[in-house]
Structure formats: C-alpha cells, structure tokens
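Here the structure comes first, spelled out in structure tokens, and everything after it is commentary.
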C-alpha cells in the first residue's frame, strides 16, 4: 500500500468522527520532511462551511493517528484544510456542496452563470436570470463558485 492510501485509511475515520469527510490527501517532499495536505469538507448533504473547531479537532485526531501508526515514517508537516471557494467543481458531490451558490459552468458549447438551487438526480437546477435551467452534470466540463461580496447590512 502506498503512503497516500495509508494516510487516507488512517485519516478518513478521524474526519468522520467529527462530522467531516475526507476530500483528498496529497503528499509531497519538502526538504528533509514530507508535506501532508489533508483536505476535509462537510458531507454532501450539508450546505454551508465547515466549522473551524471541527477542522481543528480533525487535525488533532489525524495527527495523533498518523503519529501512532508512524505514517509517514519520516518527519512531516501536516496541513488540514477545506477545499475553498476556488475548488474546481467536477463531480456531483462537489455540486451538492455548492447548492445556493452562484456558479459559472463551462459547458461544451460555452459558459453559463446561475445560482445553483438544487441537484436533482444527475441534473443541476439553476436559476439563470429568474428562469429555471436544468443542466446534466455530464455536460459540465467544470464549474467554479463565483465569489460574491455584499456590503454589510445587505
């Protein structure tokens, strides 16, 4: 079993114990140490952002599990974070987590911007200028969350 698979095996239950899911693991060399980046997110049924306290608790638990198993066996730096708003949306579960957000979708025949109101089976349901538009997930090359800035009180 490679190091990434072993870390996934150890980290996933620790993330789940605090109500999060393991989104990915990346291991890279960083001088004499390894850099282990663990990305966590809320379950796809949830809307909103992962709680900072839950991320911190997951980080502690994952670090302890890795240390106890001596994985990696060399010194490492552990970074635990969320995917962030700049994550490329490519899978149904990514879109499930992006419900209520304004998205820009790249399709085979152009781009589409709209607010994701739901994911119905394998279709994205968007509000595009007040009109409902359904787009099959399979037709989406990728999507991105459009960051919206609002004035305080709006």
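In the working numbering, the protein residues as written are -7 to 146.
For each residue, glycine too, the CB sits at the ideal point set by N, CA and C.
Given a threshold of 16 other Cβ atoms within 10 Å of its Cβ, counted over all protein chains shown, does residue i qualify as buried or as exposed?
i           : result
residue 144 : Any reading at residue 144 must be qualified, since the residue scores a pLDDT of 46, below 50, and its modelled position is unreliable; the value itself is stated next. When all chains shown are included, residue 144 counts as exposed.
residue 10  : buried
residue 100 : exposed
residue 50  : buried
residue 44  : exposed
residue 7   : buried
Taking 9 Å as the threshold (C-beta atoms), are residue j and residue i in contact?
i           : j           : result
residue -7  : residue 37  : no
residue 84  : residue 114 : yes
residue 184 : residue 0   : Residue 184 falls outside the range modelled here, since the chain spans only -7 to 146, and no answer is possible.
If residue i and residue j are in contact, beta carbons under 8 Å, what's the gap, nearest whole angstrom?
i           : j           : result
residue 33  : residue 42  : 6 Å
residue 132 : residue 126 : No, residue 132 and residue 126 are not in contact; Cβ-Cβ is about 12 Å, not under 8 Å.
residue 39  : residue 2   : That belief does not hold up - the Cβ atoms of residue 39 and residue 2 are roughly 29 Å apart, past 8 Å.
residue 19  : residue -5  : 6 Å
Just to confirm the assignment: which complete alpha helix (DSSP H) runs, minimum length 4, are found wholly within the segment 12 to 66? 44 to 61
Is the segment 78 to 86 touching the segment 125 to 139, taking contact as three or more C-beta pairs under 8 Å? yes
Would you call the segment 106 to 124 and the segment 80 to 95 in contact, with 3 or more CB pairs under 8 Å? yes
Is it true that the segment 54 to 72 meets the segment 22 to 33, where meeting means three or more beta-carbon pairs spaced less than 8 Å apart? yes
Within 8 Å, do at least three Cβ pairs link the segment 61 to 71 to the segment 112 to 131? no
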